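As structure tokens, the structure follows; a few thoughts come after it.
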Amino acid sequence: MKLADLHTHTHYSDGTDSPQRVIELAKAAGLSAVAITDHDILNGHSEAAAAAQAAGLELIPGLEMSASDAGREVHMLGFFIEASHAGFQQQLAEQRTRRIARLHEMIARLQALGLTITPEEVFSQAKHQGAVGRPHVAQALLARGYVSTTKEAFDRYIGNGGPAYIAGSPLPPAIAIRAILEAGGIPVLAHPIYLKDDALIEQLVPHGLVGLEVYHSGHPPEAVQRYEQLAERLGLLKTGGSDYHGANKEGAPIGSTSVPYALVEALKQWKREHRTSTCA
Ligand code: AMP
Ligand code: ZN
Ligand code: FE
Ligand code: FE
């Protein structure tokens with residue numbers, strides 16, 4: 006059966022691998038298609054497309070846009086985004102600028118807690134001038150010996166709701182959905198389990214939510230079953246993926262969560278039927 010992994014990160018956000026390496030690993034895992042879904046940046050796509058073509062694998066251009074609802078982190082995947090859409094690129098540039106300011110705020114909070122890491126130590130963790138994020142803070146805390154694993158950094162300080170946590174973006178999820186639709190993309194709510202509130206999923210449907218990431222490396226079997234039923238009831242497309250981050254996240258190699266290629270076909274079918282792009 007043809008399989009696809011629809012959630013991976015590269016070194017343009019908080020993964021550690023190049024787009025070429027992600028394609029190589031997807032090929033080695035026996036996948037037919039892979040989506041690159043970096044946080045708030047589309048930079049990996051052109052490199053990945055060339056590598057995918059050479060490897061005989063299909064690249065699905067995507068992203069994972071940060072948003073928040075009442076201070077709670079919400080991640081919106083966008084598939085088949087059109088990178089040429091200038092307005093959307095501008096919005097992403099603003100998100101990335103905001104990410105830098107947010108990391109400075111988080112560093113200040115950590116310093117107030119007695120963890121004297123510097124901005125330089127954090128920003129030097131991001132080697133490709135892309136979208137900086139919490140895993141870079143976690144790596145800096147680890148390098149200083151303040152924590153013994155990155156998981157500990159999240160559990161004690163920077164995880165959702167932690168003492169040094171600040172939401173990734175003040176953008177309401179409904180606005181992220183609209184931005185993705187306007188850029189020709191398909192908005193899919195990522196890893197709903199981390200929301201701890203299924204009601205929000207239903208609330209986003211009238212705002213244009215198209216899909217739900219039912220299958221995810223962080224979803225136990227009972228959650229998958231619940232989200233399968235929810236997606237059916239709400240008429241949402243289903244997607245899934247590993248959320249691969251290279252060395253920045255353990256236990257989720259490429260292809261460890263995958264979906265039948267039929268779900269990719271369903272995304273493409275939706276895209277054909279909805280001319281969402283407002284691009285000239
Ligand atoms: P950011 O986009 O800066 O909010 O960072 C989000 C990223 O942090 C996610 O994609 C994960 O890679 C990582 N992350 C979030 N929560 C945790 C956690 N509890 N443990 C480990 N990594 C996490
Ligand atoms: Zn990430
Ligand atoms: Fe995410
Ligand atoms: Fe992700």
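If you're matching positions, the sequence shown starts at 6 in this note's numbering and goes up one per residue.
From the three backbone atoms N, C-alpha and C, an ideal C-beta is built for every residue, glycine too.
All values derive from a computational prediction rather than experimental measurement.
Note down, one range per segment and in chain order, each beta strand (DSSP E) of at least 3 residues found wholly within the segment 100 to 158. none
Excluding five sequence neighbours on each side, which residues of the same chain lie with their C-beta closer than 7 angstroms to the C-beta of ALA285? On the sequence shown, position 280 is the one that residue 285 refers to. With a pLDDT of 43 at ALA285, under the threshold of 50, the modelled position of that residue is not reliable, and no figure is offered here.
If contact is defined by three or more beta carbon pairs under 8 angstroms, each pair taking one atom from either stretch, is the segment 164 to 180 in contact with the segment 65 to 81? yes
Does ALA285 come out as helix, strand or coil in the three-state DSSP assignment? Looking up residue 285 in the sequence shown gives position 280. Model confidence at ALA285 stands at a pLDDT of 43, short of 50, so the residue's coordinates are unreliable; what they give is reported in the following sentence. ALA285: coil per DSSP, three-state reduction.
Residues near ALA60 in its chain [Cβ-Cβ closer than 6 angstroms; skip 5 each side]: For the purposes of this step, residue 60 is taken as the residue at position 55 of the sequence shown. Cβ neighbours of ALA60 beyond the five flanking positions: ILE28, LYS32.
Using a Cβ-based criterion (distance less than 6 angstroms to any ligand heavy atom), does ALA195 qualify as near ligand 3? Within the sequence shown, residue 195 is the residue found at index 190, counting from 1. Because some heavy atom of ligand 3 lies under 6 angstroms away, the Cβ of ALA195 counts as near it: yes.
Could you check what DSSP says for ASP10 in three-state terms: helix, strand or coil? For the purposes of this step, residue 10 is identified with residue 5 of the sequence shown, where counting begins at 1. Reduced to three states, the DSSP call for ASP10 is strand.
Which runs of the beta strand (DSSP E) fall wholly inside the segment 168 to 248 and span at least 3 residues, in chain order? 191 to 194, 216 to 221, 242 to 246
Would the beta-carbon of GLY216 fall within 7 angstroms of that of LEU235? The residue you call residue 216 lines up with position 211 of the sequence shown. The residue you call residue 235 lines up with position 230 of the sequence shown. Not closer than 7 angstroms, so no.
Pick helix, strand or coil for ASP160, following the three-state DSSP scheme. Taking the first residue of the sequence shown as 1, we reach residue 160 at position 155. Residue state, collapsed to three classes: helix.
Considering only C-alpha positions, which residue in the set SER51, VAL229, ILE112 is nearest to ALA158? Taking the first residue of the sequence shown as position 1, residue 158 is located at position 153. Comparing Cα-Cα distances from ALA158 to each of SER51, VAL229, ILE112, the minimum goes to ILE112.
Mapping DSSP to helix, strand and coil, what is HIS44? As a position in the sequence shown, residue 44 is number 39, starting the count at 1. Reduced to three states, the DSSP call for HIS44 is strand.
Could you tell me the distance, in whole angstroms, from the CA atom of ALA72 to the CA atom of ALA98? Counting from 1 along the sequence shown, the entry for residue 72 is found at position 67. Counting from 1 along the sequence shown, the entry for residue 98 is found at position 93. One C-alpha to the other measures close to 14 angstroms.
Starting from PRO24, follow the alpha helix (DSSP H) in both directions and report where the run begins and ends. Here residue 24 corresponds to residue number 19 of the sequence shown, with the count starting at 1. Segment 24 to 33, the alpha helix (DSSP H) holding PRO24.
Would you call the CB atoms of GLU63 and THR42 closer than 7 angstroms? Your numbering for residue 63 matches position 58 in the sequence shown. Your numbering for residue 42 matches position 37 in the sequence shown. Against a cut-off of 7 angstroms, the Cβ pair of THR42 and GLU63 comes out as no contact.
Between ARG238 and TYR266, what straight-line distance do the alpha-carbon atoms span, to the nearest angstrom? By 1-based counting over the sequence shown, the position of residue 238 is 233. By 1-based counting over the sequence shown, the position of residue 266 is 261. Those two C-alpha atoms are separated by around 22 angstroms.
Would GLY223 and LEU36 qualify as a contact pair, given that the criterion is a beta-carbon distance under 7 angstroms? One-based indexing of the sequence shown puts residue 223 at position 218. One-based indexing of the sequence shown puts residue 36 at position 31. Contact flag unset, no.
Is ASP10 near ligand 2, judged by its Cβ being under 6 angstroms from some heavy atom? Translated into the one-based positions of the sequence shown, residue 10 becomes position 5. False, no ligand heavy atom lies under 6 angstroms from that Cβ.
Does the distance from the C-beta atom of TYR249 to that of GLY135 stay below 7 angstroms? Walking along the sequence shown from the start, residue 249 turns up at place 244. Walking along the sequence shown from the start, residue 135 turns up at place 130. Going by C-beta atoms, TYR249 is not nearer than 7 angstroms to GLY135.
To the nearest whole angstrom, what separates the beta carbons of ALA292 and ALA56, a pair I think is in contact under 8 angstroms? Residue 292 falls outside the range modelled here, since the chain spans only 6 to 285, and no answer is possible.
I want to check one thing, is the minimum distance from the CB of ASP248 to the heavy atoms of ligand 4 below 6 angstroms? Position 243 of the sequence shown, counting from 1, holds the residue named residue 248. Indeed, a heavy atom of ligand 4 lies less than 6 angstroms from the Cβ.
Given ARG104 as reference, the closest of ASP202, PHE128, HIS50 once Cα atoms are compared: The residue labelled residue 104 in the question sits at position 99 within the sequence shown. For ARG104, the nearest C-alpha among the options comes from PHE128.
Mind checking whether VAL264 and TYR220 have CB atoms under 7 angstroms apart? The sequence position of residue 264 within the sequence shown is 259, counting from 1. The sequence position of residue 220 within the sequence shown is 215, counting from 1. Contact: yes.
With a CB to CB cut of under 8 angstroms and the five nearest residues on each side skipped, what residues in its chain are close to ILE46? The count along the sequence shown starts at 1 and reaches residue 46 at position 41. TYR17, SER18, LEU68, LEU97, ARG101, GLY135, ALA136, listed in sequence order.
Could you please give the first and the last residue of the uninterrupted alpha helix (DSSP H) stretch that includes GLU323? Past the edges of the chain, shown from 6 to 285, lies residue 323, and the structure says nothing about it.
Tell me, to the nearest whole angstrom, how far the beta carbon of HIS3 is from that of GLY246; I am working on the premise that it is less than 8 angstroms. Given that the chain is displayed from residue 6 to residue 285, the structure contains no residue 3 and the question cannot be resolved.
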